[in-house]
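Single-structure report; data block below.
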Amino acid sequence: MIQNTKKRIFSGVQPSGNLHVGNFLGAIKQWVGMQDEYDCIFSVVDYHAITVKYDPKVLRKKIIEIAKIYIAGGVNPEKAIIFQQSDARAHTEFCWILNAVSARISDLNKMTQFKDKAGKGNVNVSVGLYDYPVLMAADILLYDTDIVPVGDDQLQHVELARDLAKRFNHDYEEIFKIPEPKIMKQGARIMSLDNPEKKMSKSAESEFSRIELLDESALAMKKIMKATTDTGAEVKFNSKEKPGISNLLTIYSLLANIDIKDLEKKYSGIMYGEFKKDLAEVVAEFLNDFQKKYNKIDDSQVAEILAAGAKKAEPIAEETLVKVKITIGVK
Ligand code: AQP
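See the structure below:
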């Protein structure tokens, strides 16, 4: 096994659609808080993004945009490796090996994200979309990862990575560490603004369902004012009975760093409209600050960061792949 003094973290975001506060609060924010304590590898997982319909010109731009968002969000390229998944060929090669020797159709048939994305009886979706969790397992396992910080929609995929690692270790040799998922207590599932029963998602049809990190602040404020709330008038956290208000309280609490209990006190006896107005201000302030940082980052500088990241990530991934190839008997 690769010897690290610090524990290793691996995570990523696919360059599909427009990143939203859910991606930021569920994933990127927790990465940033872990950078000093852990050895961090953050990937722009572009081979995941081609599993659904996409435009190559847009994808090329999105890869840079996502890396810029990591940096503007606080990931420090001097501390963490930031790289583009397709720059390290070991990911797809190892994915094939896992497909062949460890993953089972029965594993993939359980994946709820595939069922949601493919829709009922839809046979026109790509094989890649079905196999996405195995590529994600390859991403994680190649780096001898200890911890995978993700939002809770990705928990099932991290569990699959654990199962595949255990199966490989059992069937061949103890090569892999068993990675642990890390899910935030608060913010692990930011819900959609127009339907708080569903998670906020890049691919949801209505842009009013999410606050995008690159939204103009005036539009974001409008989205908050239009967000679905619940019957009743009390600003109180109760995710079952008041999913809309609870979601808005969570976003407010995480962006303004104020405890939900304190927000409940502050807004006791105050109407939803007033609460939303204040939250809209908080969101606008967050976006203005975020975008100021984002706009200062130069695209060519990001391309260099990704290239330098690939140079560091590739040898780690290759070393694991060579071990795997020897173990399974092709080398
Ligand atoms: N609503 C969310 N709340 C908290 N965390 C979230 N994440 C996604 N949505 C929420 C976390 O963001 C990271 C990157 O996600 P991804 O790009 O790999 O794709 P995803 O999980 O499928 O996210 P989306 O936004 O719903 O994208 P689409 O619509 O393209 O599928 C992950 O850590 C994820 O858990």
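The numbering of the sequence shown is my numbering, which starts it at -9 and goes up by one. Beta carbons: idealized from backbone N, C-alpha and C, even for Gly. Note that the structure is predicted; figures quoted are calculated from it, not measured.
heavy atom of ligand 1 below 7 Å from residue i C-beta
{"i": "Asp129", "result": "no"}
{"i": "Leu119", "result": "no"}
{"i": "Leu15", "result": "yes"}
{"i": "Lys192", "result": "yes"}
{"i": "His10", "result": "yes"}
{"i": "Arg50", "result": "no"}
{"i": "Gly7", "result": "yes"}
{"i": "Val34", "result": "no"}
{"i": "Asp143", "result": "yes"}
{"i": "Arg94", "result": "no"}
{"i": "Lys189", "result": "yes"}
{"i": "Ala4", "result": "As written in the sequence, residue 4 is Gln, which differs from the Ala given in the question. Because some heavy atom of ligand 1 lies under 7 Å away, the Cβ of Gln4 counts as near it: yes."}
{"i": "Gly177", "result": "yes"}
{"i": "Ile180", "result": "yes"}
{"i": "Ser199", "result": "no"}
{"i": "Val140", "result": "yes"}
Whole-angstrom distance between residue j and residue i, CA atom to CA atom
{"i": "Lys251", "j": "His160", "result": "47 Å"}
{"i": "Gln74", "j": "Arg50", "result": "11 Å"}
{"i": "Gly263", "j": "Met215", "result": "7 Å"}
{"i": "Arg152", "j": "Val3", "result": "19 Å"}
{"i": "Leu203", "j": "Leu277", "result": "6 Å"}
{"i": "Lys255", "j": "Lys47", "result": "49 Å"}
{"i": "His38", "j": "Thr310", "result": "21 Å"}
{"i": "Asn228", "j": "Asp220", "result": "11 Å"}
{"i": "Ala178", "j": "Lys230", "result": "16 Å"}
{"i": "Val290", "j": "Ala300", "result": "For clarity, residue 290 is Ser in the given sequence; the question names Val instead. Going from the Cα of Ser290 to the Cα of Ala300 covers about 15 Å."}
{"i": "Ile241", "j": "Val140", "result": "17 Å"}
{"i": "Ile56", "j": "Pro169", "result": "24 Å"}
{"i": "Lys232", "j": "Lys188", "result": "14 Å"}
{"i": "Ala293", "j": "Lys43", "result": "25 Å"}
{"i": "Ile287", "j": "Ala270", "result": "26 Å"}
{"i": "Met274", "j": "Leu15", "result": "Reading the sequence as shown, one finds Ala at residue 274 and not Met. Distance between the alpha carbons of Ala274 and Leu15 is about 16 Å."}
{"i": "Asp77", "j": "Glu304", "result": "8 Å"}
{"i": "Ala128", "j": "Ala17", "result": "19 Å"}
{"i": "Thr82", "j": "Phe198", "result": "35 Å"}
{"i": "Lys(-4)", "j": "Asp26", "result": "10 Å"}
Given residue i as reference, the closest of the options once Cα atoms are compared
{"i": "Asp279", "options": "Glu195, Val91, Ala246", "result": "Ala246"}
{"i": "Ser182", "options": "Trp86, Ile201, Leu154", "result": "Ile201"}
{"i": "Lys172", "options": "Ile316, Ile295, Val138, Thr41", "result": "Val138"}
{"i": "Ser96", "options": "Asn114, Ile87, Asp121, Ala108", "result": "Asp121"}
{"i": "Gln176", "options": "Asn13, Ile295, Lys(-4), Ser193", "result": "Asn13"}
{"i": "Asn66", "options": "Val273, Met24, Glu83", "result": "Met24"}
{"i": "Leu145", "options": "Ser207, Gln103, Glu275, Lys213", "result": "Gln103"}
{"i": "Phe32", "options": "Asn8, Lys69, Lys43", "result": "Lys69"}
{"i": "Ile61", "options": "Val320, Leu296, Val314", "result": "Leu296"}
{"i": "Ser207", "options": "Lys19, Trp21, Val272, His81", "result": "Val272"}
{"i": "Tyr28", "options": "Pro305, Thr41, Ile71", "result": "Ile71"}
{"i": "Asn237", "options": "Lys(-4), Phe0, Val11", "result": "Val11"}
{"i": "Pro266", "options": "Pro305, Ile(-1), Leu98, Leu239", "result": "Before going further, note that residue 266 is Lys rather than Pro in the sequence given. Per the Cα distances, Leu239."}
{"i": "Ile165", "options": "Ala194, Pro123, Leu150, Thr135", "result": "Thr135"}
{"i": "Ala155", "options": "Ala80, Ser92, Leu209", "result": "Ser92"}
{"i": "Cys85", "options": "Cys30, Asn99, Val22, Leu150", "result": "Leu150"}
{"i": "Glu163", "options": "Leu88, Ala194, Val314", "result": "Val314"}
{"i": "Cys30", "options": "Arg(-2), Ile59, Phe158, Ile40", "result": "Arg(-2)"}
{"i": "Asp268", "options": "Val225, Tyr284, Lys302, Lys282", "result": "Val225"}
Beta-bridge partners of residue i, as assigned by DSSP
{"i": "Ile(-1)", "result": "Cys30, Ile137"}
{"i": "Glu195", "result": "DSSP lists no partner for Glu195."}
{"i": "Glu304", "result": "For Glu304, which the question treats as bridged, DSSP gives no partner whatsoever."}
{"i": "Lys313", "result": "Paired residue(s): none; Lys313 is not in a bridge."}
{"i": "Glu202", "result": "His10"}
{"i": "Lys232", "result": "Asn228"}
Which parts of the segment 238 to 301 are runs of the alpha helix (DSSP H), unbroken and 4 residues or longer, counting only runs that do not cross its ends? 250 to 256, 262 to 286
Contiguous beta strand (DSSP E) assignments of at least 3 residues, all confined to the segment 113 to 193: DSSP runs (the beta strand (DSSP E)) wholly in the segment 113 to 193: 137 to 139, 170 to 172.
Can you check the segment 22 to 109 for any beta strand (DSSP E) of at least 3 residues that lies completely inside it and give the ranges in chain order? If we require 3 residues or more, the beta strand (DSSP E) runs fully inside the segment 22 to 109 come out as 29 to 34, 71 to 74.
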